[in-house]
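Enquirer:
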Amino acid sequence: MSRGELMIKLGYDEIIERIVEKSDLDKAEIEAKITKKLKQLEGLISKEGAAHIVANQLGIKLIEKISGRLQIKNILSGMRDVETVGKIIRIYPARRFSVDGREGQVANMVIGDETSSIKLVLWGDHADQAKNAKQGMVVKVIGGYVKERDNTKELHLGTRGSLALNPRGETVAEVAIPVAQRKRINELKEGMNDVEVYGTVIQMFEPRFYEICPSCGKRMNQREDKFACETHGEQQPKLGYVLNLFLDDGLDTIRAVFFRQTALNLLNISDEQMC
Numbered sequence: 006m007s008r009g010e011l012m013i014k015l016g017y018d019e020i021i022e023r024i025v026e027k028s029d030l031d032k033a034e035i036e037a038k039i040t041k042k043l044k045q046l047e048g049l050i051s052k053e054g055a056a057h058i059v060a061n062q063l064g065i066k067l068i069e070k071i072s073g074r075l076q077i078k079n080i081l082s083g084m085r086d087v088e089t090v091g092k093i094i095r096i097y098p099a100r101r102f103s104v105d106g107r108e109g110q111v112a113n114m115v116i117g118d119e120t121s122s123i124k125l126v127l128w129g130d131h132a133d134q135a136k137n138a139k140q141g142m143v144v145k146v147i148g149g150y151v152k153e154r155d156n157t158k159e160l161h162l163g164t165r166g167s168l169a170l171n172p173r174g175e176t177v178a179e180v181a182i183p184v185a186q187r188k189r190i191n192e193l194k195e196g197m198n199d200v201e202v203y204g205t206v207i208q209m210f211e212p213r214f215y216e217i218c219p220s221c222g223k224r225m226n227q228r229e230d231k232f233a234c235e236t237h238g239e240q241q242p243k244l245g246y247v248l249n250l251f252l253d254d255g256l257d258t259i260r261a262v263f264f265r266q267t268a269l270n271l272l273n274i275s276d277e278q279m280c
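As numbered in my numbering, residues 6 to 280 make up the sequence shown, in order.
What follows is the structure in structure tokens.
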């Protein structure tokens, strides 16, 4: 599958950003056109679909033919055979897992370049390489593939890809790290990213649990009395969890949703204590 095929997915915010870059319209004008298109089609399409139609009517090609190395901001969900270079922002310890009696390991890190940052998921021998990695190192990824989890893009590297630590001749001048902007709750709008809200928890609900794959963390499907991951097949699931609460900043209230590690951070407990 080539990088230009329909499996590549652009999020709503990415579509808006590309239309702004390639037109004389500002964000508010574009969103007004999208809202009008949604009303015309009476909810028969999603916001993303309406945004694609608006882009097409403006003569804007959202996905150009892509080849060679990609800047991180241009990495899209569904891409395969991705090559990129980034600097390590954060490293997480490798963990081991078992699938059908076979042992494996996976390690995660966050890398960034001048344009954006992305989570890098390393499988098998690449997880071993991560043991020699340090924050601030430059890494070169060849042959990666992109998945989406919890509405966030992840760059995965398996047996068909390669990873180089501090490759000769490769540099990353600086790393673009998103800076959260403080907002009042009544200022929040759908589609906003990288916002910071300060408030008081006025109500918290019991966490909800669901089965996830111990290898990749994706939600598992139940088949009779067994659970299966679409990638790793049948295996004993782990528990994932989500915590809902309401925040009040004195002017308004909002529901906040915390998945997995963010829920643990909020409650200041371990995974074992949660489960």
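Beta carbons: idealized from backbone N, C-alpha and C, even for Gly.
If you drop the 5 nearest sequence neighbours on each side, which residues of the same chain put their C-beta closer than 7 angstroms to that of G91?
Expert: Excluding sequence neighbours, G91 sits near I77, I116, G117, D118, V144, V177.
Enquirer: Can you tell me which of C218, V151, G238 puts its alpha carbon nearest to the alpha carbon of R85?
Expert: The candidate whose alpha carbon is nearest that of R85 is V151.
Enquirer: If you draw a straight line from the C-alpha of A99 to the C-alpha of E201, how long is it?
Expert: 30 angstroms
Enquirer: Please identify the residue among L63, K124, T205, D105 whose C-alpha is closest to the C-alpha of H161.
Expert: K124
Enquirer: Below 8 angstroms, can you find three or more Cβ-Cβ pairs linking the region 125-138 to the region 59-70?
Expert: no
Enquirer: List the residues that DSSP assigns as beta-bridge partners of N226.
Expert: A233
Enquirer: Going by alpha carbons, who is nearest to S51 out of M142, Y17, L30, A181?
Expert: Looking only at M142, Y17, L30, A181, the smallest Cα-Cα distance to S51 is reached by Y17.
Enquirer: Fully enclosed by the region 51-114, which beta strand (DSSP E) runs are 3 residues long or longer?
Expert: 87-96, 100-104
Enquirer: Whose C-beta lies closer than 6 angstroms to the C-beta of A169 among residues of the same chain, with five residues either side of it excluded?
Expert: K145
Enquirer: Please name the residue or residues paired with D18 in a DSSP beta bridge.
Expert: Paired residue(s): none; D18 is not in a bridge.
Enquirer: Just how far apart, CA to CA, sit V111 and F264?
Expert: 20 angstroms
Enquirer: Beta carbon of Y215, beta carbon of V180: below 9 angstroms?
Expert: no
Enquirer: Identify whether S7 lies in helix, strand or coil by the three-state DSSP scheme.
Expert: With a pLDDT of only 38 at S7, under 50, the local geometry of the prediction cannot be trusted, and the value read off the model is given with reservation. Of the three classes helix, strand and coil, the one that applies to S7 here is coil, per DSSP.
Enquirer: Any idea if R8 is buried or exposed, counting beta-carbon neighbours within 10 angstroms, 16 or more meaning buried?
Expert: With a pLDDT of only 38 at R8, under the threshold of 50, the placement of this residue in the model should not be trusted; the figure read from the coordinates follows. Label assigned to R8: buried.
Enquirer: Identify, in the order they occur along the chain, each residue of the same chain with its Cβ nearer than 8 angstroms to the Cβ of Q41, setting aside the five sequence neighbours on each side.
Expert: First, the residue type needs correcting, since residue 41 is Lys and not Gln in the sequence shown. There are no such residues.
Enquirer: List the residues that DSSP assigns as beta-bridge partners of Q186.
Expert: V200
Enquirer: With K44 as the anchor, note down where its beta strand (DSSP E) starts and where it stops.
Expert: From DSSP, K44 is part of no beta strand (DSSP E) but of the alpha helix (DSSP H) over 32-45.
Enquirer: Helix, strand or coil for R165? Go by DSSP, reduced to three states.
Expert: coil
Enquirer: Span of the beta strand (DSSP E) holding R269?
Expert: According to the sequence provided, residue 269 is Leu. The question's Arg does not apply to it. First-last for L269: 265-272, but that is the alpha helix (DSSP H), not the beta strand (DSSP E).
Enquirer: Have a look at I65 and R228 and give me their C-alpha separation to the nearest angstrom.
Expert: 44 angstroms
Enquirer: Less than 6 angstroms between C-beta atoms, sequence neighbours within five positions excluded: which residues of the same chain meet that for L63?
Expert: Excluding positions up to five away in sequence, the list reads S28.
Enquirer: Count the other C-beta atoms from every protein chain shown that fall within 10 angstroms of the C-beta of M197, then say buried if there are 16 or more, exposed otherwise.
Expert: Around the C-beta of M197, fewer than 16 other C-beta atoms lie within 10 Å, and the residue is accordingly described as exposed.
Enquirer: Could you tell me whether the Cβ atoms of V25 and I35 are closer together than 9 angstroms?
Expert: yes
Enquirer: Go to M279, then tell me how far its alpha helix (DSSP H) extends in each direction, as first and last residue.
Expert: 276-279
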